[in-house]
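Residue numbers (full-length UniProt numbering): 1 to 336. All C-beta atoms in this analysis are idealised placements derived from N, C-alpha and C, irrespective of residue type, glycine included. Predicted, not measured: the structure shown is a model, and the values here were computed from it. Working notes, beginning with the structure itself.
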């Protein structure tokens, strides 16, 4: 089969399509014909040599896919029983979206059933590839923050792959959503997604004051942050009493300064979380929670994938260029 191989650490030009051995599913696994694969910033870090894949997964990038089940792995259970690690019965021909540790930039991939989500007929199959990583990450943030209905959440980067889904999920879960985006056009597009009560231009010099005004002076109970070091000062400044900042990205660096006095004054907390490096059992737990509580929102159309563009597999390098350009709204997809 064809897959996008990282020939050496470096820029987008190191991504090349090669013929590789087709994987075989083991117990509790599915072999999936990939219809589309999501492109994520973690893939860029892996390409650059900063984010090696976990042990046991293919070395080529790709953390989420959608496709059609080609083969169900062997099982010791009676025929027709759910596959190991899942309460679902999977059969060849089923439509599936899945979270992966790696290997999605390929024509076929092996998927643990515990990380698989059945794609409803109401959703176009390729678009489903834009959801697993973003939706599970957004759920993980709400869980890490212990976010509760009625609280205010500020989503930094509401136009991004995770942010565009987090805005919708948080609103559906009963939170009051504030989001940021860069420039008037992107602000308007985030507002059109539905779910955000207020969308602010993060390029504004008075972002903190705008958040305070939008929350009647109280501030945000939760901040979803993709900026890292560059966002620390503002994130603490916008916190409500007992507020929580959850960092999931490092787009503006990994080392910064923090006014601990400001954090103390707000009785705030700074938390950080990541998805790819979590143990398999913990990922399965998160996907199970998404399957029960968030995936029905997808089926009902209350949470929708946001796809900026779809490129062929041999243009993976171009996809990485677009992703790092800051022009992408939502998610980029690759089609084999």
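Check: Under 8 Å Cβ to Cβ from residue 150, same chain only, skipping five residues before and after it: list those, please.; Outcome: 174, 175, 176
Check: Pick helix, strand or coil for residue 305, following the three-state DSSP scheme.; Outcome: coil
Check: Ignore the nearest five residues each way along the sequence and tell me which others in residue 252's own chain have a CB closer than 8 Å to its CB.; Outcome: 227, 228, 229, 230, 231
Check: Using a Cβ-Cβ cutoff of less than 6 Å, which residues in the same chain neighbour residue 165 once the five nearest sequence positions on both sides are dropped?; Outcome: 134, 135, 138
Check: Let me check one thing: in DSSP terms, what residues is residue 67 bridge-paired to?; Outcome: 34, 96
Check: Please report the straight-line C-alpha distance between residue 333 and residue 245, rounded to a whole angstrom.; Outcome: 29 Å
Check: Mapping the DSSP letters down to three states, classify residue 269 as helix, strand or coil.; Outcome: strand
Check: With the cut-off set at 8 Å, would you say residue 66 and residue 119 are in Cβ contact?; Outcome: yes
Check: For residue 210 and residue 254, I'd like the C-alpha separation in whole angstroms.; Outcome: 26 Å
Check: Quick check on the DSSP output: the beta strand (DSSP E) that includes residue 112 runs from which residue to which?; Outcome: 108-112
Check: In the DSSP output, what is residue 225 paired with across the bridge?; Outcome: 247
Check: Is residue 163 closer than 8 Å to residue 276 when the C-beta atoms are compared?; Outcome: no
Check: Between which two residues does the alpha helix (DSSP H) carrying residue 135 extend?; Outcome: 132-144
Check: Roughly how far, in whole angstroms, is the beta-carbon of residue 298 from the beta-carbon of residue 30, given that I think they are within contact range, below 8 Å?; Outcome: At roughly 19 Å, the Cβ-Cβ gap does not stay under 8 Å, so residue 298 and residue 30 are not in contact.
Check: Count Cβ pairs between the stretch 25-43 and the stretch 90-104 that sit closer than 8 Å; are there 3 or more?; Outcome: yes
Check: According to DSSP, is residue 82 helix, strand or coil?; Outcome: At residue 82, the pLDDT of 44 sits below 50, so the modelled position is not reliable; the number obtained from the coordinates is stated separately. Three-state DSSP puts residue 82 in coil, outside helix and strand.
Check: Spell out a yes or no on whether the stretch 266-280 and the stretch 235-249 are touching, meaning 3 or more CB-CB pairs, one atom from each, closer than 8 Å.; Outcome: yes
Check: What are the complete beta strand (DSSP E) segments, minimum 3 residues, inside the stretch 182-242?; Outcome: 196-201, 220-225
Check: Taking all protein chains shown into account, do 16 or more other C-beta atoms lie within 10 angstroms of the C-beta of residue 64, making it buried, or fewer, making it exposed?; Outcome: buried
Check: Quick one: grab the DSSP three-state call for residue 319.; Outcome: helix
Check: Anyone know if the C-beta pair for residue 181 and residue 190 falls short of 8 Å?; Outcome: yes
Check: Quick one: grab the DSSP three-state call for residue 276.; Outcome: coil
Check: With DSSP as the reference, label residue 328 as helix, strand or coil.; Outcome: coil
Check: Residue 151 by DSSP, collapsed to three states: which one?; Outcome: coil
Check: Tell whether a beta-carbon distance below 8 Å holds between residue 324 and residue 89.; Outcome: no
Check: Should residue 159 be labelled buried (16 or more other beta-carbon atoms within 10 Å of its own) or exposed?; Outcome: buried
Check: Pick out whichever of 205, 284, 318, 147 has its Cα sitting closest to the Cα of residue 243.; Outcome: 147
Check: Could you tell me whether the Cβ atoms of residue 14 and residue 7 are closer together than 8 Å?; Outcome: yes
Check: Please check the pair residue 161 and residue 331, which I expect to be a contact at CB under 8 Å, by giving their CB distance rounded to whole angstroms.; Outcome: 4 Å
Check: Which same chain residues end up closer than 6 Å to residue 268 when comparing Cβ atoms and leaving out the 5 residues on each side of it in sequence?; Outcome: 239, 243
Check: Please go through the same chain and pick out, in chain order, the residues whose beta-carbon is closer than 7 Å to the beta-carbon of residue 42, but skip the five residues on each side of it.; Outcome: 51, 63, 276
Check: Compute the beta-carbon to beta-carbon distance between residue 145 and residue 236, rounded to the nearest angstrom, for a pair I have assumed lies under 8 Å.; Outcome: No, residue 145 and residue 236 are not in contact; Cβ-Cβ is about 15 Å, not under 8 Å.
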